[in-house]
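Read the structure below first, then the notes.
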Amino acid sequence: MKKRLISILAAALAISFISPIKNASAATKVSAFPGAEGGGKYATGGRGGSIYYVTNLNDSGTGSFRDAVSKPNRIVLFKVGGTIELKSDVVISSNITIAGQTAPGGAGITLKNFKAGLG
Numbered sequence: 002m003k004k005r006l007i008s009i010l011a012a013a014l015a016i017s018f019i020s021p022i023k024n025a026s027a028a029t030k031v032s033a034f035p036g037a038e039g040g041g042k043y044a045t046g047g048r049g050g051s052i053y054y055v056t057n058l059n060d061s062g063t064g065s066f067r068d069a070v071s072k073p074n075r076i077v078l079f080k081v082g083g084t085i086e087l088k089s090d091v092v093i094s095s096n097i098t099i100a101g102q103t104a105p106g107g108a109g110i111t112l113k114n115f116k117a118g119l120g
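16 is the number that the working numbering gives to position 15 of the sequence shown; each next residue is one higher, with no gaps.
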């Protein structure tokens, strides 16, 4: 009986040391943005990646939206606003933040004719 009690106390003590470590790691997570909720709350997006500016409304080529999302680990900002007429589907690479709200003049960005999806 005494051995069993010692075993139970030892197990309880071990669990008490493990639990704070688990809680500490959850507390160090950074939310995607202030007020983020749900499944994407801790999404990293392009955090820490390079900044790529969309400078035209062309379907492809340097400065286009398609080029901006073609490589991972980027934060995509817009120096233009308006409609991009896609000629084919766009595949968005991993770890990308698309900051459409940065398009000037409140015009935003619209993708037309084809789909944009995650790759």
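Even glycine gets a Cβ: it sits at the ideal position worked out from N, Cα and C.
Option nearest residue i by Cα separation, candidates the options
i	options	result
Val81	Gly101, Gly41 and Thr45	Gly101
Leu112	Glu86, Ala44, Ala69 and Ser65	Glu86
Asn96	Pro35, Ile52 and Ala37	Ile52
Asp90	Gly118, Arg48, Lys42 and Val31	Gly118
Ala104	Val77, Val92 and Lys88	Val77
Three-state class that DSSP yields for residue i in the structure shown
i	result
Gly39	helix
Thr56	coil
Thr98	strand
Thr63	coil
Gly107	helix
Ala69	helix
Ile22	Annotation note: pLDDT 47 at Ile22 (below 50); position unreliable, coordinate value reported separately. Looking at Ile22 - three-state DSSP - the assignment turns out to be helix.
Residues sharing a beta bridge with residue i, DSSP
i	result
Lys113	Glu86
Ser51	Arg75
Gly118	Val92
Segment limits, beta strand (DSSP E) that includes residue i
i	result
Val92	Val91 to Ile93
For residue j and residue i, believed in contact at Cβ under 8 Å, the rounded distance
i	j	result
Gly64	Ser94	Going by Cβ atoms, the distance from Gly64 to Ser94 rounds to 17 Å, so no, they are not a contact pair.
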